[in-house]
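What follows is the structure, encoded as structure tokens:
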């Protein structure tokens, strides 16, 4: 019992010193094991990598700062990083997990989709059934709907930029040509994209173009999936431009039903004001009879089973990627030049030299499918650190890439604003249905099966 002359003792809980706040260090290439080269193009390379601490598999895109600055692609590159960050909100867009930089390179680390490029599957099979094509197009409608919701025009829809996951769902990748901050009704006029998928207003209209160019490309893509070739393809680029603007298109017999034809016709309307989607964006596409069998809520939740499941043996499988890349020796692909050679350890590369044939010639094609916009950096096993890059970049040049670093694992919040009619003829029934006020008819001389044996399409330069 406490003394009457003294106040009772107050109970107290000992204060435990706060644990020191741990600041995440910036990632470097050495935080990853480089497993396979899975894409290469004129502007960059993409590797399959494993993050050492979590053992998770990702795709890593590597870009050269020096070349980005030289080609005046800084804004597009930073824009791609921010769009990738926003893509985390959609299951049909490849989302950014990490981005970091060294003195000479930029690194974008995204989900690895083991089903590979749609291009790879379409090239092997020549064409898809209408049911399979409808599934892919429906999921792509949801992907474009998400981008357009955030005022982003994609501008480079093609099979090379569509990936399949292990279960067969699509994911749109490579936002290097995407344009942010383009609300409905506003126009842009940068000439970019891939020739076969360019909308006519990109070629002809000096006033610019809107998000509706994405729906034109979607129509080209559906035709290509079902028919096996692009409707406007020609060996000569200028002839292809003429086909896009003034030619006519013919459907081969029996590859697509009437609803599908009308859907393609609605998308391939040369007058963007009358194109399907001109008034209510993706909502118009979703209401089209071509999609009458689609449950959009179930599709958005990935509850609709894909009609095709890729052959994927494990999380690390690269069986659905082009052996032109995956058989390449990683050292000859230039991985060693990305790593600090002052560190003598060799654990930056997985199973180096095991089961890999000598490196093949570089594929000097397009953007490599997994988003390989950027510069191609050729490597050699004996190259010294930074030797290929010439003089160091100045501080003012490095300032261009301020804010590039991002870590999805640290839950960095995304900014609210990401950056600051046509007459078609039918070979089957000679139908010439179309909207009023259209331009000249189109012509297509591509034989069935042209798709097989074709190489990847190169993005047009800016």
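Residue numbers (this note's numbering): 1 to 462.
Virtual Cβ for every residue (Gly too), placed ideally from N, Cα, C.
- By the criterion of a C-beta distance shorter than 7 Å, residue 326 is surrounded in its chain by 36, 37, 38, 318, once the five residues flanking it on both sides are discounted.
- Under the DSSP assignment, residue 111 falls in the beta strand (DSSP E) whose first and last residues are 105-111.
- For the 7 Å CB-CB criterion, residue 69 and residue 312 do not form a contact.
- Collapsing the DSSP output to three states places residue 237 in a helix.
- Going by DSSP, residue 50 is part of the beta strand (DSSP E) stretching over 44-51.
- With respect to residue 193, residue 156 sits close: the two C-beta atoms are nearer than 7 Å.
- For the pair residue 215 and residue 276, the Cα-to-Cα distance works out to about 8 Å.
- Following the DSSP letters along the chain, one finds residue 163 inside the beta strand (DSSP E) bounded by residues 162-164.
- Residue 191 is classed as exposed because its beta carbon has fewer than 16 other beta carbons within 10 Å across all chains shown.
- Residue 108 is a Cβ neighbour of residue 99, given a cutoff of 7 Å.
- Residue 301 and residue 395 have their C-alpha atoms roughly 46 Å apart.
- Burial state of residue 314 is exposed, judged by a 10 Å Cβ sphere holding fewer than 16 other Cβ atoms.
- By the CB criterion at 7 Å, residue 127 and residue 266 fall outside the cutoff.
- Look at the beta carbons and you see the segment 271-286 touching the segment 203-212: at least three pairs across the two are nearer than 8 Å.
- In this structure, residue 223 lies near residue 264, with their beta-carbon atoms less than 7 Å apart.
- Relative to residue 332, the option among 278, 29, 45 whose CA is nearest is 45.
- DSSP, reduced to helix, strand and coil, places residue 99 within a strand of the structure shown.
- Within the same chain, 263 come within 6 Å of residue 288 by CB-CB distance, once the 5 residues on both sides are set aside.
- If the five residues before and after residue 182 are omitted, its C-beta is found closer than 6 Å to the C-beta atoms of 151, 153, 188, all from its own chain and listed in chain order.
- Less than 7 Å divides the Cβ of residue 203 from the Cβ of residue 245.
- The continuous stretches of alpha helix (DSSP H) do not include residue 172, which lies in the beta strand (DSSP E) extending over residues 170-172.
- The residues 115, 306, 308, 309, 310, in chain order, have a CB closer than 7 Å to that of residue 168 in the same chain once the five nearest residues on each side in sequence are set aside.
- Cβ-Cβ distances below 8 Å link residue 31 to 51, 52, 53 in the same chain, with the five nearest sequence neighbours on each side left out; the list follows chain order.
- Our two residues, residue 195 and residue 25, have alpha carbons roughly 43 Å apart in a direct line.
- In this model, residue 178 and residue 148 are separated by some 11 Å (Cα to Cα).
- Residues 139, 140, 142, 143, 146, 169, 170, 171, 172 of the same chain have their beta carbon placed closer than 8 Å to that of residue 92, with the five preceding and five following residues left out of the count.
- With a 10 Å radius around the Cβ and a threshold of 16 neighbouring Cβ atoms, residue 121 comes out buried.
- Sequence-distant partners of residue 80 (beyond 5 residues in either direction) whose C-beta falls short of 6 Å from its own C-beta, in its chain, are 175, 176.
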